[in-house]
Ligand code: DX5
Ligand code: ZN
């Protein structure tokens, strides 16, 4: 975690693009490059058209790292699974606005399991749909691709939502953090940081090719430089 000015920028390597047979090793490599949160993408084949992993993998990751595990649930009926993810060792749990009929209840359920609660919005979902929960969430995750797959192209219009979240937080004195997920790489990281994103999820840019330690370090360096330019 690097504190620059008033803002803390964190890199959250997404294991979606890691080698699942060498997960512990890949997580350690990304951490030594400066990753401070491990982003875990949970997909159910219904809410998104892909399947990934569940609580057993979170339990194994818990033994492999001391870093917070940020579980991004891209699943329907998240209430049914939140207790199990928390028991497996998740520290942060985020759920999609689009998947929750009772968003307020689900966010409180996450917090009742001593996890930080995040709410996620897809690229087509406006920030205003979150107005009634912004005072209770610990973080807001703005999807900058349509969820389901790694290595997709960044959608630039999502930056307006990051800016809007920054403005709303200042206006209303809320204290959520702002996370962004999808297409974050050396060519996009500066603009997302300048827009106000603080927790940067990156899968392909860290684990896609080359050395995850070097990739993470390079990305974090670019993010911190962009943050300094802001001040
Ligand atoms: C996509 C996932 C992302 C994914 C991002 O649905 O939520 O966390 O890993 O991957 P990249 O960084 O490759 O776009
Ligand atoms: Zn994700």
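Numbering (the working numbering), first residue to last: 120 to 350. In this text, a Cβ means the ideal position worked out from N, Cα and C, and glycines have one as well.
- Distance from the CA atom of residue 149 to the CA atom of residue 192, rounded to whole angstroms, is 22 Å.
- Excluding five sequence positions before and after residue 282, the CB atoms of its chain that fall closer than 7 Å to its own CB belong to 314, 315, given in chain order.
- When DSSP states are grouped into helix, strand and coil, residue 186 belongs to the coil group.
- Taking 8 Å as the cut-off, the Cβ atoms of residue 172 and residue 161 count as close.
- Contact fails between the stretch 124-144 and the stretch 244-252, because fewer than three Cβ pairs, one in each stretch, are under 8 Å apart.
- Those residues whose C-beta sits under 6 Å from the nearest heavy atom of the ligand ZN are, from N- to C-terminal order along the chain, 133, 158, 160, 191, 300, 320.
- Taking residue 232 as the centre and dropping the five residues before and after it, the same chain places the C-beta of 201, 202, 205 closer than 7 Å to its C-beta, in chain order.
- Residue 281 has its CB no nearer than 7 Å to any heavy atom of the ligand DX5.
- Look at the stretch 130-166 and you find these whole runs of beta strand (DSSP E), each 3 residues long or longer: 157-162.
- Contact holds between the stretch 299-314 and the stretch 336-347, because three or more Cβ pairs, one in each stretch, are under 8 Å apart.
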